[in-house]
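What follows is a short report on a single structure.
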Ligand SMILES: NC(=O)c1ccc[n+]([C@@H]2O[C@H](COP(=O)([O-])OP(=O)(O)OC[C@H]3O[C@@H](n4cnc5c(N)ncnc54)[C@H](OP(=O)(O)O)[C@@H]3O)[C@@H](O)[C@H]2O)c1
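What follows is the structure in structure tokens.
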């Protein structure tokens, strides 16, 4: 049976690229997105555009996240949640939910970094990512943090990117 892979933040640039890649694989991708608010588009057009289910995730409600993972039989969570603001709180909650879920076994945090931060970083972005990695170290989940190098199609606007939504 095809494993279900949830892309948290899959509506964004990197997330869309991963969703498009996973659609061509043996895995079954779906997207976790925050609740629709007055200022966000509804999920129906996004589902139509990307061709995968878009599930609403309330990252501030741990129990509902655990239930969401279980009810959709989500084996693997891949996070592409943007971490430029307070979003690491959302991801910390998602890691806890994955740990508590009896169906979720694997996790890829939203690191996707151009370089290894090492430990003891004072930079806020690095610190938030290291906190996610340390949280994962304390769980029984299989996890991998990916240090991908620089995405040239993100930073260099002349580099074409067929699958990503761009910067
Ligand atoms: N190595 C590189 O060169 C490179 C380049 C670019 C990005 N990156 C990394 O790749 C990852 C994804 O970047 P991206 O540019 O694709 O991100 P993005 O498009 O800015 O955001 C991805 C998604 O994160 C969700 N999100 C944003 N704020 C949130 C919050 N406060 N709480 C929960 N969810 C939130 C949103 O989804 P919903 O609104 O649908 O929930 C959004 O669509 C990040 O870790 C980024 O640092 C690396």
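Residue numbers (UniProt numbering): 1 to 167.
The beta carbon of each residue, even a glycine, is placed where N, CA and C say it ideally should be.
Here the structure is a predicted model, which is why all the values come from computation and not from measurement.
Item                                                                                                                                                    : Value
Pick out whichever of 124, 78, 63 and 90 has its Cα sitting closest to the Cα of residue 142.                                                           : 78
Hey, would you say the C-beta of residue 104 is under 7 Å away from at least one heavy atom of ligand 1?                                                : no
For residue 72, which of 151, 83, 154 and 4 has the nearest alpha-carbon?                                                                               : 4
Going by DSSP, which residues form a beta bridge with residue 106?                                                                                      : 76 and 142
So the alpha helix (DSSP H) residue 17 belongs to, where does it begin and stop?                                                                        : 13-23
If I measure Cβ to Cβ from residue 131 and keep anything under 8 Å in the same chain, skipping five residues before and after, which residues do I get? : 88 and 92
Measure from the alpha carbon of residue 31 to the alpha carbon of each residue in 45, 54, 100 and 24, then state which is nearest.                     : 54
Can the beta-carbon of residue 145 be found closer than 8 Å to that of residue 80?                                                                      : no
Counting along the chain, where does the beta strand (DSSP E) carrying residue 5 start and finish?                                                      : 4-8
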